[in-house]
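Chains as they are written, first to last, in this note's numbering: chain A, 3 to 70; chain B, 3 to 70; chain C, 3 to 70; chain D, 3 to 70; chain E, 3 to 70; chain F, 3 to 70.
Protein chains: 6
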Amino acid sequence: MAVVQITLVKGRTREQKAAIAAAINKAMVEIAHSPADHINIVFHEVDREDWAIAGKLLPEYIADMDRK
Amino acid sequence: MAVVQITLVKGRTREQKAAIAAAINKAMVEIAHSPADHINIVFHEVDREDWAIAGKLLPEYIADMDRK
Amino acid sequence: MAVVQITLVKGRTREQKAAIAAAINKAMVEIAHSPADHINIVFHEVDREDWAIAGKLLPEYIADMDRK
Amino acid sequence: MAVVQITLVKGRTREQKAAIAAAINKAMVEIAHSPADHINIVFHEVDREDWAIAGKLLPEYIADMDRK
Amino acid sequence: MAVVQITLVKGRTREQKAAIAAAINKAMVEIAHSPADHINIVFHEVDREDWAIAGKLLPEYIADMDRK
Amino acid sequence: MAVVQITLVKGRTREQKAAIAAAINKAMVEIAHSPADHINIVFHEVDREDWAIAGKLLPEYIADMDRK
């Protein structure tokens, strides 16, 4: 049994999510031996303005990194 | 004190959510003896394309189950 | 499909958790029409010192409430 | 390293979120000595109808409180 | 940027967790193009008695499945 | 109303947690205007072996950083 909650910034396509879910499921089945029908993977997408690193919202944080 | 975070696929009505919240609250108060004013229940609704079981996004997972 | 993550202060018995899980599952099946084998309920128990309300750890918060 | 997931009712401005993130980051750096580049703060905003206290969705819960 | 919170029943070894983290990170970098230093993966391990499916704690749920 | 779930590596003292909770609560009250009695802050502490960055468990990730 496994619940995998992925928090991400918006913008991935359906194909990307399908590929990520397949890869994580494979790892959970092969390495952790979790039964596939009980592996739930959920994507929670948020806006860039709803994520902060080092106390700065992502638009500012990334702009600062690019400047360096 | 209790925090109950419910992750669900989109599509429940306000009435369904109200009934679910009332039932969970009743269980937490009567069985766990949590004080009602400190029982927070939050619904996080996601798209069907944002949930995977057995490594397949729900639209594919459900289509596969129906085929069996 | 539903994932219900319950954060609680430590101290409930196995019997209480079993009864809470049964009640929540019943609500999710009967009201939300989620399929039972895909309703995952997880209890995350934390120490009273790991929970704060109104900016006070629970031992202090509860002592303050009792004083009033 | 810290992950701070904040669940809130919708309605805060970008400026409020930036100020909250800055304040939380400051606390985590100064008090917990977490390295700033590894402090992730994420806001999950939900509708008022997706939050319940004491088993009532927020619109009803708040209306009840105001009546008292 | 990604936060991956994995809730699991206790019992995986350090080696299993390291291999799972490596596989998930690879998927997030190659498919989602997240920067590796900002991919946080956290394992939350709970007791089997703290997880329920279909309203039954895992020891009972698994015993029921084995009987069928 | 706010739920703040903080995931941290083990090792902070009760005093540190009390100070962090007080600071976060202050920010939520003053900036977000959340009512203090409905601001729940919960610390989830995990072992260093249960956290990975860049696909490496923290003991390895930190050792790699120190080497550079």
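C-beta: ideal position from N, C-alpha, C; glycine also.
Any C-beta of chain A sitting closer than 9 Å to the C-beta of residue i?
| i | result |
| --- | --- |
| D/R69 | no |
| B/G13 | no |
| B/I26 | no |
| D/A54 | no |
Between residue i and residue j, what straight-line distance do the alpha-carbon atoms span, to the nearest angstrom?
| i | j | result |
| --- | --- | --- |
| F/D39 | C/I22 | 25 Å |
| D/I55 | F/K70 | 50 Å |
| C/D52 | C/L59 | 7 Å |
| D/E47 | F/N27 | 18 Å |
| E/S36 | D/D68 | 46 Å |
| F/T9 | E/N42 | 11 Å |
| F/V31 | C/G57 | 10 Å |
| C/Y63 | B/A20 | 29 Å |
Buried or exposed for residue i, please, with buried defined as at least 16 other CB atoms from any protein chain shown within 10 angstroms of its CB.
| i | result |
| --- | --- |
| C/K12 | exposed |
| B/A29 | buried |
| D/R14 | buried |
Rounded to the nearest angstrom, how far is the Cβ of residue i from that of residue j, given a contact under 8 Å?
| i | j | result |
| --- | --- | --- |
| B/V44 | B/Q7 | 5 Å |
| B/A34 | B/A4 | 7 Å |
| D/A25 | F/A25 | 7 Å |
Got a sec: is the Cβ-Cβ distance from residue i to anything in chain C below 9 Å?
| i | result |
| --- | --- |
| E/I8 | no |
| A/N42 | yes |
| E/E17 | no |
Could one say the Cβ of residue i lies closer than 9 Å to chain D's Cβ atoms, at least one of them?
| i | result |
| --- | --- |
| B/V48 | no |
| F/K58 | no |
| F/A38 | no |
Go through its chain and collect everything with a Cβ distance to residue i's Cβ below 6 Å, but skip five positions before and after it.
| i | result |
| --- | --- |
| D/R50 | V11, L60, P61 |
| E/R16 | none |
Would a check of beta-carbon distances place residue i closer than 9 Å to chain E?
| i | result |
| --- | --- |
| D/M30 | no |
| A/A34 | yes |
Is residue i close to chain B, meaning its C-beta is less than 9 Å from at least one C-beta of that chain?
| i | result |
| --- | --- |
| C/A65 | no |
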